[in-house]
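Before any comments, here is the structure.
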Amino acid sequence: MTLTPLQALITVIMLIVGTVLTRAIPFILFPSNKKTPPFILYLGKVLPYSVIGLLVVYCLKGVSLASSPYGLPEAIANVAILILHLWKNNTLLSIGAGTIIYMLLVQNLII
Amino acid sequence: MKKEALKAAFPHTIPVMTGYLFLGAAYGILMNTKGYGVGWTLFISVFVFAGSMQYVGVTLLTSIFNPIYAFLLTLMVNARHLFYGVSMLEKYQGTGKFKPYLIFGLTDETFSIQCSIEAPEGIDRNWFMFFITLLDHIYWVVGSVIGSLLGYIVNFNTEGLDFVLTALFVVIFINQWKSTRNHIPALVGLLSSIVCLLIFGQDSFIIPAMVLILIVLTIFRNKLEGGMEE
Chain U
114 MTLTPLQALI TVIMLIVGTV LTRAIPFILF PSNKKTPPFI LYLGKVLPYS
164 VIGLLVVYCL KGVSLASSPY GLPEAIANVA ILILHLWKNN TLLSIGAGTI
214 IYMLLVQNLI I
Chain W
-5 MKKEALKAAF PHTIPVMTGY LFLGAAYGIL MNTKGYGVGW TLFISVFVFA
45 GSMQYVGVTL LTSIFNPIYA FLLTLMVNAR HLFYGVSMLE KYQGTGKFKP
95 YLIFGLTDET FSIQCSIEAP EGIDRNWFMF FITLLDHIYW VVGSVIGSLL
145 GYIVNFNTEG LDFVLTALFV VIFINQWKST RNHIPALVGL LSSIVCLLIF
195 GQDSFIIPAM VLILIVLTIF RNKLEGGMEE
């Protein structure tokens, strides 16, 4: 643990407040008796797709293509997830198998 | 009244149960390996109750203390919840005393059930919706506590377990890609993030990326609007 318990608690409180805010703001901003602006409805349609793209990049931000292992474990595991998911279309199977493949790769059990 | 609503709600939550027990357990194990025991895991799973954000939270809990960044990152990561809220404005109308809890528990998975299922004839819809959220919440908490306890008992090499988060988002990305013919919003998210990662570096690219995504989506609004239909 790199944080003191108090620092960890404050960080967790930030997570709680941030999460509650994002879930509650629409109900506060757009009460049921008012019309929701079209721009917000538009963002509601497109933003979920963009945000997941952002999160994928966020997860892979630390991967270095310039030094060993050149992002190979990530690439292999992600390709495996892609193939498995298009084939079986089972979310849990894809996540589980992808994670296990990655763990085996970084623990040098396969290569 | 309550019992019938619970009975009616339960079958709809079964897919979420398997997912939450699995992902929750992985979360508990991960927290444990980072030095955060069952007390922390229980507390966070009860009060944050946000799958992907809790995973991102693990990285926050193991890096330099920066509450402002933690808060902003939570807003960014959970920004999609804003749009779940927008979609549920009408449905949660008139839920009375249940409304605060229904809003608190509006996770991705709970949203996917709540927005698509109506309470059967003769079942109180408020209790029905309450139980869907409550059951999901219980699955998540139980799963993460089991994982945390497993972390104490079972001693195995967890190096690379963090990848479960990447896998989760990659799978959601694929699911979303398949669900629409218009891939521009997904590509905008991916490319804007990569561009910002290259320019700003891994420690500070999230906020610029979010701004860039909003700008690009605003510019292409006329082209994209209407194109998102199935």
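Order-wise, the sequence lines are chains U and W.
Residue numbers for the first sequence follow our numbering, so the first one is 114 and each next one is one higher.
Residue numbers for the second sequence follow our numbering, so the first one is -5 and each next one is one higher.
Each residue gets a CB set at the ideal place from its N, CA and C atoms; glycine is no exception.
On a predicted model such as this, the values are computed, not experimentally measured, just so you know.
Query                                                                                                                    : Result
Where the segment 169 to 184 of chain U meets chain W: residues whose CB sits under 9 Å from a CB there                  : Val169, Val170, Tyr171, Cys172, Leu173, Lys174, Gly175
Inter-residue spacing [alpha-carbon to alpha-carbon] between Gly90/W and His198/U                                        : 41 Å
Residues that Leu170/W contacts on chain U, provided the C-beta gap is smaller than 8 Å                                  : It is Gln, not Leu, that sits at residue 170/W in the sequence shown. Neighbours of Gln170/W on chain U, chain order: Pro161, Tyr162, Ile165.
Listed by chain order, chain W residues near Ala121/U by CB distance under 8 Å                                           : Tyr30, Trp34, Leu55
Buried versus exposed call for Thr160/W [16 or more other C-beta atoms within 10 Å across all chains shown]              : buried
Closest Cα partner of Lys174/U within the set Gln48/W, Ala2/W, Ile213/W, Gln196/W                                        : Gln196/W
Distance between beta carbons of Pro114/W and Ala2/W, contact taken as under 8 Å                                         : 5 Å
Beta-carbon spacing of Ile123/U, Val80/W below 8 Å                                                                       : no
Same chain, Cβ closer than 7 Å to Glu(-2)/W, five either side skipped, listed in chain order                             : Ile117
Rounded separation between Asn221/U and Leu54/W - CA only                                                                : 27 Å
Meets three-Cβ-pair contact criterion under 8 Å: the segment 88 to 106 of chain W and the segment 185 to 200 of chain U  : no
Option nearest Phe214/W by Cα separation, candidates Leu156/U, Met127/U, Val169/U, Ile214/U                              : Leu156/U
Neighbour flag for Pro139/U against chain W, beta carbons, 8 Å                                                           : yes
Span of the alpha helix (DSSP H) around Cys94/U                                                                          : Only positions 114 to 224 of chain U appear in the structure, and residue 94/U is not among them; the question remains open.
Cβ-based neighbour list, Leu36/W, same chain, cut-off 6 Å, excluding 5 preceding and 5 following                         : Val139
Distance, Leu134/U Cα to Gly99/W Cα                                                                                      : 12 Å
Inter-residue spacing [alpha-carbon to alpha-carbon] between Gln87/W and Arg74/W                                         : 20 Å
CB-CB length for Leu184/W against Gly166/U, believed under 8 Å                                                           : 4 Å
Best match in Tyr49/W, Met47/W, Glu153/W for proximity to Leu217/U [C-alpha to C-alpha]                                  : Glu153/W
Near-chain W residues of the segment 189 to 210 of chain U (beta-carbon distance less than 9 Å), N- to C-terminal order  : Ala190, Asn191, Ile194, Leu195, His198, Leu199, Asn202, Thr204, Leu205, Ser207, Ile208, Gly209, Ala210
First and last residue of the uninterrupted alpha helix (DSSP H) at Tyr133/W                                             : 119 to 147
The segment 123 to 147 of chain W: positions lying closer than 8 Å to chain U by Cβ                                      : none
DSSP state of Tyr30/W mapped onto helix, strand, coil                                                                    : coil
Gly166/U Cβ short of 7 Å to the ligand FMN heavy atom set                                                                : As presented, the structure is devoid of all ligands, the ligand FMN included, so that no description of it is given.
The segment 129 to 147 of chain W contacting the segment 3 to 11 of chain W, beta-carbon criterion three pairs below 8 Å : yes
Limits of the unbroken alpha helix (DSSP H) element including Arg215/W                                                   : 215 to 218
Cβ neighbour criterion (16 or more within 10 Å) applied to Lys158/U                                                      : buried
Cβ pair Leu128/U, Gly51/W closer than 8 Å                                                                                : yes
Which of helix, strand or coil DSSP assigns to His75/W                                                                   : helix
First and last residue of the uninterrupted alpha helix (DSSP H) at Glu187/U                                             : 185 to 201
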